[in-house]
Amino acid sequence: MLSQQLWELWLDAPDSKAQALLDKGMRQRTEYDFLGARDTLDMLIEHCPNYAEGYNQRAFASFLHQDYDAALVDLDAALAIMPNHVAALAGKALTLFGLGRDDEGQEVLRAALRLNPWLQERALLREPLGTEL
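With our numbering applied, the sequence shown corresponds to residues 4 to 136, in that order.
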């Protein structure tokens with residue numbers, strides 16, 4: 004329930020134009036139009052450069068397009084704006100795994116799990132969680 008409430012906050016764009024761009028970009032992504040989604044989310048980021056979710060959603064479209072380098076840049080931008088964005092942290096971990104940077108991915112995944120120990124990405128930890136979480 005708390006995770007859903009976080010998503011509701013993150014997906015509440017700063018204004019109606021931003022909301023329309025976010026909704027369109029996410030719809031394009033679900034329709035597998037990853038390049039179109041990135042173009043739309045480019046417009047969102049240009050319109051609202053301090054809105055972390057714009058970067059996070061563009062990173063997700065890039066990740067699904069297997070453009071991990073572009074995804075990582077956007078995830079870092081989202082996290083610079085909102086350091087405790089648990090979905091961006093989890094996405095960064097997955098992106099690092101996609102780049103073959105498993106040790107870094109494990110470290111970032113642990114940071115995400117400290118914020119939300121119920122993430123499904125928990126199954127990707129190399130060894131079972133200890134008491135540090």
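Even glycine gets a Cβ: it sits at the ideal position worked out from N, Cα and C. A quick note: this is a predicted structure, and the numbers were derived from the prediction, not measured.
### Query
Do residue 66 and residue 25 have their C-beta atoms within less than 8 angstroms of each other?
no
### Message
Among the candidates 59, 36 and 46, whose CA atom is the shortest distance from the CA of residue 85?
### Response
59
### Query
What residue range is occupied by the uninterrupted alpha helix (DSSP H) comprising residue 50?
37 to 50
### Query
Excluding the five sequence neighbours on either side, which residues of its own chain have a C-beta within less than 6 angstroms of the C-beta of residue 95, listed in chain order?
So the list reads 78 and 111, once near-sequence residues are dropped.
### Message
Going by DSSP, what residue range makes up the alpha helix (DSSP H) through residue 29?
### Response
Its alpha helix (DSSP H) spans residues 19 to 33.
#### Entry: Environment of residue 165 [buried if 16+ CB atoms lie within 10 Å]
Residue 165 is absent from the structure shown; the chain starts at 4 and stops at 136.
### Message
How far does the alpha helix (DSSP H) with residue 79 in it extend, from its first residue to its last?
### Response
71 to 84
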